[in-house]
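Enquirer:
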Amino acid sequence: SVYLRGILLHCFIQKKSAAEAHRILVQPYGDNALSDTTCRDWFRRFKNNDFELEDKERSGAPTKFQDKELEQLLDEDSSQTLLELGILLQVDESTVSKRLKGLGMIQKQGHWVPYELKPRTTASTAEKKRIFASHRIVPGDEKWIRYDNPKRRKSWGKPGHASTSSAKPNNAQASCCKTSKNLPGNA
Numbered sequence: 001s002v003y004l005r006g007i008l009l010h011c012f013i014q015k016k017s018a019a020e021a022h023r024i025l026v027q028p029y030g031d032n033a034l035s036d037t038t039c040r041d042w043f044r045r046f047k048n049n050d051f052e053l054e055d056k057e058r059s060g061a062p063t064k065f066q067d068k069e070l071e072q073l074l075d076e077d078s079s080q081t082l083l084e085l086g087i088l089l090q091v092d093e094s095t096v097s098k099r100l101k102g103l104g105m106i107q108k109q110g111h112w113v114p115y116e117l118k119p120r121t122t123a124s125t126a127e128k129k130r131i132f133a134s135h136r137i138v139p140g141d142e143k144w145i146r147y148d149n150p151k152r153r154k155s156w157g158k159p160g161h162a163s164t165s166s167a168k169p170n171n172a173q174a175s176c177c178k179t180s181k182n183l184p185g186n187a
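Residue 139 in my numbering is what sits at position 139 of the sequence shown, and the numbering runs on without skipping anything.
What follows is the structure in structure tokens.
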């Protein structure tokens with residue numbers, strides 16, 4: 001700690017050796033005192049006129065992030081991958097993985113539900129029933145193109161909690177974009 005390093009600096013100023021400083025620290029602090037090697041390292045820094053008691057930034061030291069940041073990102077979108085979370089938090093994927101495991105999070109595959117009920121869906125139900133018969137008539141010169149193909153993604157969550165759900169694609173309703181074969185370029 002910085003406090004113990006301050007005591008080492010005081011011993012250095014009093015012209016004591018690193019071994020003497022270590023013995024002075026061991027008397028009151030016992031096992032919580034700095035090791036003999038650590039005392040020697042600090043005395044070496046003091047001899048080089050480096051009296052800064054805080055740790056220096058190391059180039060290889062990983063960036064630290066708070067679990068709150070990770071939880072906030074997962075609250076926004078729980079289906080983000082380790083790579084995406086790592087980029088947002090500016091850390092390696094393995095660091096994110098370790099923190100997620102530390103939080104008790106596991107990756108779950110989302111599940112399909114029969115359909116997604118939206119306000120506009122309920123409002124137009126009567127209208128769809130009224131015009132349903134006209135949608136079943138398909139002229140022979142048109143071809144149908146499927147455009148609705150949602151993909152389930154895994155999401156992070158706590159064990160025992162429900163995973164995310166996605167509306168199962170309805171193949172009959174998904175094919176609603178049509179083109180006419182008679183138009184130029186659509187043969």
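We put the beta carbon where it would ideally sit given N, CA and C, even for glycine.
Using the Cα positions of Y3 and D50, report the straight-line distance between them to the nearest angstrom.
Expert: 16 Å
Enquirer: Judging by CA-CA distance, which residue of W42, D67, Q66 is the nearest neighbour of D55?
Expert: W42
Enquirer: Is it buried or exposed for L8, if we count other Cβ within 10 angstroms and need 16 for buried?
Expert: It counts as buried.
Enquirer: Return the first residue and the last residue of the beta strand (DSSP E) that Q109 is part of.
Expert: Q109 -> beta strand (DSSP E) spans 106 to 109.
Enquirer: Secondary structure at G160, three-state DSSP: helix, strand or coil?
Expert: coil
Enquirer: Please state the DSSP three-state secondary structure of L183.
Expert: Caution applies to L183, whose pLDDT of 49 falls short of 50 and renders its modelled position unreliable; the value that the coordinates give is listed next. Secondary structure at L183: coil, using DSSP grouped into helix, strand and coil.
Enquirer: Given Q109, which residues of its chain have a CB within under 6 Å of its CB, disregarding the five upstream and five downstream residues?
Expert: K154
Enquirer: So what does S155 bridge to, in DSSP terms?
Expert: K108
Enquirer: Which whole-angstrom value is the C-beta distance of L82 and V91, which I expect to be below 8 Å?
Expert: So it is not a contact: roughly 10 Å between Cβ atoms.
Enquirer: Under DSSP, the alpha helix (DSSP H) around T230 begins and ends at which residues?
Expert: Residue numbering for the chain in the displayed model covers 1 to 187; residue 230 lies beyond these limits and cannot be assessed.
Enquirer: Could you please give the first and the last residue of the uninterrupted alpha helix (DSSP H) stretch that includes T95?
Expert: First-last of the alpha helix (DSSP H) with T95: 93 to 102.
Enquirer: Give the C-beta separation of E57 and L89 to the nearest angstrom, bearing in mind that I take them to be a contact with Cβ-Cβ under 8 Å.
Expert: The pair is not a contact, with the Cβ atoms about 18 Å apart (cut-off 8 Å).
Enquirer: How should R120 be labelled, buried or exposed, when 16 other C-beta atoms within 10 angstroms of its C-beta is the threshold for buried?
Expert: exposed
Enquirer: Could you check the C-alpha separation between E20 and K158 for me, to the nearest Å?
Expert: 53 Å
Enquirer: Taking only three categories from DSSP, how would you classify E52?
Expert: coil
Enquirer: Considering only the beta carbon of each residue, do R5 and L53 sit closer than 7 Å?
Expert: yes
Enquirer: Does DSSP classify E69 as helix, strand or coil?
Expert: Three-state result, E69: helix.
Enquirer: Would L25 and A18 qualify as a contact pair, given that the criterion is a beta-carbon distance under 7 Å?
Expert: No, the Cβ-Cβ distance between L25 and A18 is not below 7 Å.
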